[in-house]
């Protein structure tokens, strides 16, 4: 039987120790973790292969299988990301917002760790290292609860981390995992506010709802949402097509992959057949509104394209697969209205008009907005943050990819010469 109280107490104690560490000590631990991942590669991959085999037998969708899968290349990338986090500037101890008040009090803010982070995630064994490495660099302890479908992967990886922490002279309890599949333990973790300072869920909408509805600990919501690209008549069509293919095809199971393509009516007759032909080469299913469907079913070569009528729910769907919804709009206003209704994650405009670009970036309410770039750039690594713990869609504390700075808070420091308040 897992004792969450004990796990919480150990994490809180570890967090106090981590907050005192030097940057060099934390970096040494991160390099030790990266070394351990590569040294224990066979054990990690064997555990992951068993998780994947069970998932395939259970009929898990291919997009989820892809998220679960570890291989030598991916594990090497994860180890490299861990070293990249070690190379990042340490935010802890940063002094900012300095001022001297009329009273003579010298006031400033010092950046400090949040404390203990609880991470709840599904089908993403790489998240174990992503979150652990960032939390450690930011001076936080972390309690991990991976999905039951990756239990073996998480258990082995956590053991590797604990061994590396001991090797580096850090408390092994700085990173702990809950391997019991009982969901009641998740509910208890969400209410462990005596020890846990923040919860980060990474998974589907049902997991996020469960966390928000059951938590007494503050919850960061994110990592899900419908992503759009809007194409204007002024766009360079030949250069726009590869951007759309990249956004949809590179990793369709990612949360920043393209879900809905919005095309201006004046661009549609020429542009839609161009992009449809390119998407079809990658096996993308295109679910179109009636206007887009009429254009595509009349285009040369359409017989080999997987084009279907869209249902009303398709335009609010995060597909996580090789499926894209396509809609014709009559203006940028209509595109903005559509994105306001369904979007909020990663949104992009392809245009040659700087006025439209400026308006799009000002009026779209999302974690990240791009001009003439793929939505796939909404990622901590691509932003230069190192690995990310999540892409937050919250408006408070953190928004967008959460890197090191977003895993800290601050303390006000006031210094005086035996000052007394008047």
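In our numbering, the protein residues as written are 1 to 422.
Backbone N, C-alpha and C fix where the C-beta goes; we use that ideal spot for every residue, glycine too.
These numbers were taken from a predicted model, which means no experiment stands behind them.
Proximity winner among the options, relative to residue i (alpha-carbon distances)
i: residue 53; options: 312, 399 and 69; result: 69
i: residue 328; options: 121, 123 and 271; result: 271
i: residue 349; options: 228, 146, 9 and 18; result: 228
i: residue 252; options: 290, 5, 274 and 283; result: 283
i: residue 260; options: 344, 358, 4 and 3; result: 344
i: residue 65; options: 39, 279, 48 and 383; result: 48
i: residue 38; options: 414, 15, 78 and 10; result: 78
i: residue 255; options: 274, 237 and 321; result: 321
i: residue 323; options: 245, 360 and 392; result: 245
Separation of residue j from residue i, as counted between CA atoms
i: residue 178; j: residue 151; result: 9 Å
i: residue 346; j: residue 378; result: 7 Å
i: residue 75; j: residue 125; result: 10 Å
i: residue 314; j: residue 257; result: 15 Å
i: residue 390; j: residue 298; result: 43 Å
i: residue 302; j: residue 154; result: 45 Å
i: residue 412; j: residue 137; result: 22 Å
i: residue 182; j: residue 175; result: 20 Å
i: residue 130; j: residue 104; result: 44 Å
i: residue 351; j: residue 287; result: 23 Å
i: residue 94; j: residue 26; result: 16 Å
i: residue 310; j: residue 326; result: 8 Å
i: residue 108; j: residue 96; result: 6 Å
i: residue 294; j: residue 114; result: 54 Å
i: residue 17; j: residue 140; result: 9 Å
i: residue 56; j: residue 62; result: 8 Å
Where the beta strand (DSSP E) through residue i begins and ends
i: residue 325; result: 323 to 329
i: residue 224; result: Element bounds for residue 224: n/a, residue is neither H nor E.
i: residue 8; result: Note, residue 8: premise wrong, no beta strand (DSSP E); alpha helix (DSSP H) at 4 to 19.
i: residue 75; result: No beta strand (DSSP E) contains residue 75, which is instead part of the alpha helix (DSSP H) from 72 to 87.
i: residue 347; result: 346 to 350
Limits of the unbroken alpha helix (DSSP H) element including residue i
i: residue 161; result: 151 to 167
i: residue 243; result: 237 to 249
i: residue 67; result: 62 to 68
i: residue 285; result: That residue, residue 285, is in no alpha helix (DSSP H); its beta strand (DSSP E) goes 285 to 288.
i: residue 278; result: 268 to 280
i: residue 128; result: 126 to 137
i: residue 36; result: 23 to 39
i: residue 332; result: 332 to 342
8 Å contact criterion, which residue i and residue j should meet: CB distance rounded
i: residue 276; j: residue 305; result: 5 Å
i: residue 408; j: residue 112; result: 6 Å
i: residue 249; j: residue 374; result: Actually they are not in contact, since the Cβ atoms of residue 249 and residue 374 sit about 10 Å apart, beyond 8 Å.
**OP:** Answer yes if the region 191 to 211 comes into contact with the region 157 to 167, meaning at least three C-beta pairs across the two stretches below 8 Å, and no otherwise.
**Re:** Taking one beta carbon from each stretch, the region 157 to 167 and the region 191 to 211 have fewer than 3 pairs nearer than 8 Å; the two do not touch.
**OP:** Check whether the region 111 to 121 touches the region 141 to 155, taking contact to mean three or more Cβ pairs, one atom from each stretch, closer than 8 Å.
**Re:** Judged by Cβ distances under 8 Å, the region 111 to 121 makes contact with the region 141 to 155, as three or more pairs qualify.
Subject >> the region 330 to 339 / the region 216 to 225 touching (three or more Cβ pairs under 8 Å) >> reply: No, the region 330 to 339 does not touch the region 216 to 225.
Original post:
Should the region 75 to 88 be called in touch with the region 16 to 31, which here means at least 3 C-beta pairs below 8 Å?
Top reply: Using a Cβ-Cβ distance cut-off of 8 Å, the region 75 to 88 and the region 16 to 31 are in contact, since at least three pairs of beta carbons, one from each stretch, lie closer than that value.
**OP:** Check whether the region 202 to 213 touches the region 228 to 248, taking contact to mean three or more Cβ pairs, one atom from each stretch, closer than 8 Å.
**Re:** The region 202 to 213 and the region 228 to 248 do not touch, with fewer than 3 CB-CB distances between them shorter than 8 Å.
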